[in-house]
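Novice: Just so you know, the UniProt record's numbering puts 149 at position 149 of the sequence shown, and the rest follows in order with no gaps.
Glycine included, C-beta positions come from ideal geometry on N, C-alpha and C.
No experiment lies behind these values; they were computed from the predicted model shown.
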Amino acid sequence: MKKIECEVCGSQRLVKEAGRFICRDCGVEYSLPELQSQIIDSPIERNQRLFKRAKDLFRAREYEAARQLYQRLAERGDLSAEFYEKLCEAHLEPLRKDCRSAILTSFQHSLENLWNRDPDRYFKQASQMLGEIIVFGLTVEEIYEEEFQSKAARLESTSMQTLKKEHEKMQEGAGAAWLLMDQAAHLCAETAGDLSKASSYFWELVDAILDDLSINQKRGTIALGDVQEERMYFAKLKDGAKETEEVN
Numbered sequence: 001m002k003k004i005e006c007e008v009c010g011s012q013r014l015v016k017e018a019g020r021f022i023c024r025d026c027g028v029e030y031s032l033p034e035l036q037s038q039i040i041d042s043p044i045e046r047n048q049r050l051f052k053r054a055k056d057l058f059r060a061r062e063y064e065a066a067r068q069l070y071q072r073l074a075e076r077g078d079l080s081a082e083f084y085e086k087l088c089e090a091h092l093e094p095l096r097k098d099c100r101s102a103i104l105t106s107f108q109h110s111l112e113n114l115w116n117r118d119p120d121r122y123f124k125q126a127s128q129m130l131g132e133i134i135v136f137g138l139t140v141e142e143i144y145e146e147e148f149q150s151k152a153a154r155l156e157s158t159s160m161q162t163l164k165k166e167h168e169k170m171q172e173g174a175g176a177a178w179l180l181m182d183q184a185a186h187l188c189a190e191t192a193g194d195l196s197k198a199s200s201y202f203w204e205l206v207d208a209i210l211d212d213l214s215i216n217q218k219r220g221t222i223a224l225g226d227v228q229e230e231r232m233y234f235a236k237l238k239d240g241a242k243e244t245e246e247v248n
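1. Out of 244, 194, 238, state which residue places its alpha-carbon closest to the alpha-carbon of residue 122.
2. Near residue 15, what residues of its chain come up, given a Cβ to Cβ distance below 8 Å and the 5 sequence neighbours on each side ignored?
3. Roughly how many angstroms lie between the CA atoms of residue 1 and residue 60, to the nearest whole one?
4. I think residue 209 touches residue 182, with their Cβ atoms under 8 Å apart; what is that distance to the nearest whole Å?
5. Please work out which residues of its chain come closer than 7 Å, Cβ to Cβ, to residue 241, disregarding the five sequence neighbours upstream and downstream, and give them in chain order.
6. Which one or two residues does DSSP pair with residue 20 in a beta bridge?
7. If we count Cβ pairs, one from each stretch, closer than 8 Å, do we get three or more for the segment 69-83 versus the segment 105-115?
8. Tell me the residue span of the alpha helix (DSSP H) that contains residue 45.
9. Rounded to whole angstroms, what is the Cα-Cα separation between residue 218 and residue 227?
10. Is there at least one non-hydrogen atom of the ligand SAM closer than 6 Å to the beta-carbon of residue 216?
11. Work out the CA separation of residue 93 and residue 149 for me, nearest whole Å.
12. Closest to residue 58 by CA distance: which of 222, 90, 212 is it?
13. Would you call the segment 166-186 and the segment 137-151 in contact, with 3 or more CB pairs under 8 Å?
14. Residue 32: buried (16+ other C-beta within 10 angstroms of its C-beta) or exposed?
15. What number of angstroms, rounded off, separates the C-alpha of residue 192 from the C-alpha of residue 119?
16. So if DSSP puts residue 30 in a beta bridge, which residue, or which two residues, is it bridged to?
17. Just how far apart, CA to CA, sit residue 233 and residue 189?
18. Kindly indicate the opening and closing residues of the alpha helix (DSSP H) around residue 200.
19. Starting from the C-beta of residue 184, find all residues in its chain whose C-beta is less than 7 Å away, skip the five residues before and the five after it, and write them out in chain order.
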């Protein structure tokens, strides 16, 4: 018989308090029906419930708890969960440079799986994940800018060389965050076998990424990138998608 365990950490040390069951290891609470469903539900239903719990934790910015759940699902072969696991890790340590490559790698694996499994739902799920990458990227940009502004306020005019170095550090960090968003958008478009399926929301996300670059270049926050070149690239893709849609 299957043993009842905490879906977050896997512990079987559950105690009953005031009509609820509490995990003694991580503190997650369960109702009796939630525990009973572990026995009644199929593996697919349990995974779906686990993914929903992880998503709720992610939305609440409880990234470590969400990461643990996504990790368990990723170990069962869920590529979308693997992506969110890496995204949680990035939110926990947003300035770690290696987290960006991990996000992109897991994102690409998830996109390829999505397209091969269900092309009609590809852009809905891909856009949701791209949106999460944008949220993370904007967060990192803000961290670097706030860090620079804080240091600049403390530096005197005699420290212009130090100020210049700090400004370059901000531009490099914020630029890398923007590049993550841009590369993710490219992956979305390049993985799809048919861009005519792209939703208006996907193109809105692309516009948001390019607008972010344009604004930050004018403000001096980011130095890299060519806004016009990127706009032309995605505009060409969008026009091609419209032509394909009209033919079909």
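Specialist: So, to answer that:
1. Nearest of 244, 194, 238 to residue 122, Cα basis: 194.
2. Cβ contact annotation for residue 15 (same chain, cutoff 8 Å, sequence separation greater than five): 21, 22, 24, in chain order.
3. Caution is warranted here: a pLDDT of 45 is assigned to residue 1, below 50, making its placement in the model unreliable, and no coordinate value can be reported.
4. About 6 Å separates the two Cβ atoms, so the contact holds.
5. Cβ neighbours of residue 241 beyond the five flanking positions: 195, 196, 198.
6. According to DSSP, residue 20 bridges with 17.
7. Judged by Cβ distances under 8 Å, the segment 69-83 makes contact with the segment 105-115, as three or more pairs qualify.
8. Annotation: the continuous alpha helix (DSSP H) that includes residue 45 extends over 43-59.
9. Note on geometry: alpha-carbon atoms of residue 218 and residue 227 lie some 11 Å from one another.
10. In terms of ligand content, the structure shown is empty, and the ligand SAM therefore cannot be addressed.
11. Taking the CA atoms as reference points, residue 149 sits about 20 Å from residue 93.
12. The closest CA to that of residue 58, considering only 222, 90, 212, is found on 90.
13. Yes, the segment 166-186 touches the segment 137-151.
14. With fewer than 16 Cβ atoms within 10 Å of its Cβ, residue 32 is classed as exposed.
15. Cα to Cα, the separation comes out at about 8 Å.
16. Answer is 21.
17. Here the alpha carbon of residue 233 sits roughly 11 Å from the alpha carbon of residue 189.
18. Residues 200-219.
19. Within the same chain, and ignoring the five residues on either side of residue 184 in sequence, the residues whose Cβ sits closer than 7 Å to its Cβ are 104, 107, 130, 133.
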